[in-house]
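>
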Amino acid sequence: MAEKPNILVIWGDDIGITNLSCYSQGLMGYRTPNIDRIANEGMLFTDSYGEQSCTAGRAAFITGQSVYRTGLSKVGMPGETVGLQAETPTIAELLKPHGYATGQFGKNHLG
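So my numbering is basically just the index in the sequence shown, starting at one, shifted up by 138.
1) If you run the structure through DSSP and keep just helix, strand and coil, what is Y189?
2) Does the structure place the region 173 to 186 close enough to the region 202 to 209 that three or more beta carbon pairs sit under 8 Å?
3) With H, G and I counted as helix, E and B as strand and the rest as coil, what does DSSP make of E179?
4) Drop a sphere of 10 angstroms on the beta-carbon of G150, count the other beta-carbons inside from all chains shown, and report buried for 16 or more, exposed for fewer.
5) Taking I155 as the reference, give the member of G217, D185, E141 with the closest Cα.
6) Between the alpha carbons of I173 and K212, how many angstroms are there, rounded?
7) For L210, which of A230, A194, G167, T219 has the nearest alpha-carbon?
8) Can you grab the Cα-Cα spacing for the pair Y168 / I153, in whole Å?
9) Classify G195 as helix, strand or coil using the three-state DSSP reduction.
10) Where does T201 sit, in a helix, a strand or coil, going by DSSP?
11) Taking the straight line between their C-alpha atoms, what separation do you get for E218 and F243?
12) Looking only at its chain, what residues have a beta carbon closer than 7 Å to the beta carbon of E189, apart from the 5 residues adjacent to it on each side?
Given below as structure tokens:
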């Protein structure tokens, strides 16, 4: 049986495809060598759909559900009742039974 691949997702706010030299080949006048190395050892994705807010985008990636299903269309304020529902499975929860250790670091705005 083949070894499970490592999965690493780097999620950035307000970053365009040309900001990473693995995509732009240095067109912007600088290089991102560490990210380029990770890209060379893994894979690059060139087609995607973006949500208007970072919260909606994160929720869509983490749950595989659209904003219409999650209800997370914008950053919630303290005390809001919106957020991921306890019964909504996340990519982390779905990977754990397959032997993956999962973690998320940084902001999430998911309630």
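All C-beta atoms in this analysis are idealised placements derived from N, C-alpha and C, irrespective of residue type, glycine included.
Quick answer:
1) Sequence check: residue 189 is Glu here, not Tyr. In this structure, E189 counts as coil in the three-state DSSP scheme.
2) no
3) helix
4) exposed
5) D185
6) 29 Å
7) A194
8) 15 Å
9) helix
10) helix
11) 22 Å
12) G195, A198, V205
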